Every structure is written in structure tokens, then in C-alpha cells.
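Notes for the one structure printed next.
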Amino acid sequence: MNRASRCSRRRWLHLARTGWHRSRWIVKPASRRRRRLSHPGWRESVSVGRCSISTPPSASPGVCEAVDGEAWPLASVTIAALTALGPRGWGGAAVQFCRVRSVAEAVDELSRWGTEGRILAGGTDVMPQYLRGEQSPAALIDISGIDGLQGISEVGGVTSIGALVTMRRLATASLISVRHPALCEAAGAVGAWQTQTVATLGGNICTAAATADTLPALLIADAQLTLVSKSGRRRIGLEDFLAGSGATALRPTELLRAVELEPLGERSAEGYLKVARRSAMDLAVVGLALRLDVAPSGVIDGVRIAMCGGDQSAHRVPAAESALLGTRLSDDPGAFGEVGAVLADAVGPAALPEAQYRRRVLPGLFDRLARRCAGEIAGAGA
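Residues in the sequence shown are numbered from 4 upward in steps of one, following our numbering.
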């Protein structure tokens, strides 16, 4: 392999790993033996097997036009091209790329492939894992074209969010900002805007990463998940669904269809704050979500506290909730400090990386969040 070819391949892998979906792409057919990956910003193009990608004069952000004329999300084209490369970028085994257009088709493919299949939605987790060789599925089942999984609605006071709703939509939807402000804030804290444009709520839930920003916000809203398979459908609470960092109760043949959330009451407030290594896009060292329900007498009669970060997936903290329940908003704010201390004790073993730092920042983080929620409730009742 000559020097120019090595340089081209390195540039392709760099773009694929660092968010090349910022550009607008189109897949075009090429010769039978090979197709070329090209970009107008490159002086050379790269042959990687079965796809040719270039920039069209007009394309919607986040969407590209496929060979058959259909609009495909960029993540789909990225993975479709990478199937020719295999794990770790070059020379690995290719995977079967299955694009489905309905929930029924998706369920059929899941039933067909079982543990060998992997769902592809936004691709923000699948693509890096595939390139690093951490995941080597026999099939990638692309569900990004299913319209029925992309809605946000409210029926009977319950908010229903489709599994394919993106972080960007959650962060900007008026219904979410009014009914579920903590989720709105959490979605806006997920990565950069490029990631938010394609990353989905369903993917964030099913990945169950310890640093997932949306999970604490969903836990305080008592999120209920609807899972579908060829055997039917079942409902499960998010708290029961999460089984540790990266582990869930999702069965190999099941698909997450929707998430239902309990809205805020008239005298309620909630929010989400996180601490990261830097103020720009970064993973949460610790994230905290809080929901307060206050009776007309001023007594806190409902508390939900959830946190993420560390060695486990997001979880509620019952001990901290009990410490705050029954207190009054007008009481000495020292009660907030007591709850902060309980939260600090809930952090994992001191031997874990950054555990001591989490213990130090949690009380202050909770104090800021609790005072903000208390102020919103007091202002609404004035």
C-alpha cells in the first residue's frame, strides 16, 4: 500500500470516528467490482468496497439520498459503508445490513437473527463500537425509517415518546419543555448538536450507559417502557428495566417502541444538572435529577431523586428521598445539606475513579437544584 493510500484511509477512519455526519452525503452506484468513497473537501478518494459517497448540491441536514432514491438517515449510510470494512475498520467480517420500514418487519428480523442481530437507530453508539471491534453482530437492523416510532404526544395526561425521537427534538419540543423540563435539560446536555441530531431516546435507554444523561430524568418521571416482539407486547418500568451499567432486561427478540411519562403536577418542579470534566460537550462525571411535589401547606409530599455516573447505570436514591420527604420549603435550608450528605454516601466505593470527587460535588449540586425547584414552586404559587 503506498503512502497516499494509507493517508486516505486514515482520513476516512478519522471522519467516521469523529462525526462525519456533519456533512451532507449521497450514495451513488459505481462499478461492479468496487465503489469509491469521496468528499469534495478531499483531494483524493478512498475505495472501501461497496459504496460511493459524495456531497449533493442540496440535501436536508441529517438525511442523505440512497441508491434507490429513498431518503436514508446519515447513520444508516455510515454503517452501510462500514459493513464493507468489518470490525476495526479494515479486513474484518462484513455484516448483513437490514433496513426495515415497519415495527412488524423489525420484529420479524429480530426473531430471525436473535442474539446475532443488533438494532441500529441513530448509530452514535453502534458505529464507534463496530469500528473498535467491540461489537461484531451478524446483522444490523436499521429501524430509522419507521415513522410510527418518531412521535411525541399527550393522551389523558400521559406523555408518550417514540423510541426514535432524537435528543434534539426532546430539547426543543414545547410539550417536553413544559411537561418534562428535566428531560428537556438532559437531552440538551447529550454530546454536541451533531450527536443530538441523530442520537435517539430509545438508543440512550437500551445502551444503559452509566453516564447516560436522559436516564435520571426519565426515572423521576416514572418512565414506563413498551416493548414489542412476535409474542406480543409488555410494559416494564424503567427502574426494573435497568440492570446495571450497559445491562438491561431487554430480550434479544424485543424492540423498544415507546416511553410513557408521568407529567408534572400543579405544585411540582423538576430539573437536571450534571458535572463534567469541562463545560463543553463531555460525559457526566455525575448527573442529578430531582422532582419535588409540594402540598398547599408547603410540605414536600413527593420526592424523586435519581443520579448517573460512576460504575452503575442511573438509579434512584431512596435514602435521600426519605430524608427530604415531609419537610417544608419554608424550613431551614439546612435540610438540603443533609440530603446532599446522603447522596454523597450513595456514591460507589472510594476505590473507583473519581468517586471522591463525586462525593465532594454532589451536595453542592443537589443544593443548587433543590433551591431552583423550590423557587419555581414558590413563584408559581405566588
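Quick reminder that beta carbons are idealized off the backbone N, C-alpha and C, glycines included. Since the model is a prediction, treat every value here as computed from it, not as a measurement.
* **C-alpha gap between S163 and R281, whole angstroms** => Their Cα atoms are separated by approximately 33 Å.
* Asked: Buried or exposed: D216, going by 16 or more other Cβ atoms within 10 Å of its Cβ?
  -> buried
* **Cα-Cα separation, L293 to A211** => 19 Å
* **Option in L267, S316, G340 and D314 with minimal Cα separation from E324** => G340
* Going by other Cβ atoms of all chains shown within 10 Å of its Cβ, with 16 needed for buried, is A107 buried or exposed? -> exposed
* To do: Kindly identify the DSSP beta-bridge partner or partners of A292.
  => Y275 and A309
* Terminal residues of the continuous beta strand (DSSP E) containing G191? -> Not the beta strand (DSSP E): G191 falls in the alpha helix (DSSP H), residues P184 to G191.
* Asked: For T200, which of P219, S105 and T175 has the nearest alpha-carbon?
  -> T175
* Asked: Going by the CB atoms, is the gap between M170 and A195 shorter than 8 Å?
  -> It is not a contact, given that the beta carbons lie outside the stated cut-off.
* **For G301, three-class secondary structure by DSSP** => coil
* In this structure, does DSSP put A391 in helix, strand or coil? -> Residue 391 lies beyond the residue range present for the chain, which begins at 4 and ends at 385; the question has no answer from this structure.
* Look up I122 in the DSSP assignment and give the residues it is bridged to. => I144
* Asked: Around the C-beta of A385, are 16 or more other C-beta atoms found within 10 angstroms, so that it is buried, or is it exposed?
  -> Note that A385 scores 48 on pLDDT, short of 50, meaning its location in the model is unreliable; the coordinates nonetheless yield the value given after this. By the neighbour-count definition (other C-beta atoms within 10 Å, threshold 16), A385 is an exposed residue.
* Asked: Do you know offhand how far A358's Cα is from Y275's?
  -> Cα to Cα, the separation comes out at about 20 Å.
* To do: Please look up how many angstroms separate the CB atoms of L123 and I144, rounded, as I've assumed it's under 8 Å.
  => 6 Å
* Asked: Does the distance from the C-beta atom of V110 to that of L258 stay below 8 Å?
  -> yes
* Asked: Helix or strand or just coil, what does DSSP make of G165?
  -> Assignment of G165 by DSSP, reduced to helix, strand and coil, places it in the strand class.
* Take A398 as the anchor and find which of Q138, L241 and P184 has the nearest alpha-carbon. => Residue 398 is absent from the structure shown; the chain starts at 4 and stops at 385.
* Are I239 and L228 close, meaning C-beta to C-beta below 8 Å? -> yes
* Asked: CB L327 to CB I303, shorter than 8 Å?
  -> yes
* Asked: Measuring CB to CB, does F369 end up less than 8 Å from G329?
  -> no
* Asked: Which residue's Cα is closest to the Cα of T127: V161, C101, V193 and V350?
  -> V193
* To do: Using three-state DSSP, classify T203 as helix, strand or coil.
  => strand
* Asked: Can you give the beta carbon distance from T203 to G125, rounded, assuming they're within the 8 Å contact cut?
  -> Sure, about 5 Å apart at Cβ, within 8 Å.
* To do: Answer with buried or exposed for S177, where buried requires no fewer than 16 other C-beta atoms within 10 angstroms of its C-beta.
  => exposed
* Asked: Does DSSP put L230 in a helix, in a strand, or in coil?
  -> strand
* Asked: Taking Cβ to Cβ, would you say V278 is nearer than 8 Å to A287?
  -> yes
* Closest to R102 by CA distance: which of V345, Q138, S147 and R307 is it? -> S147
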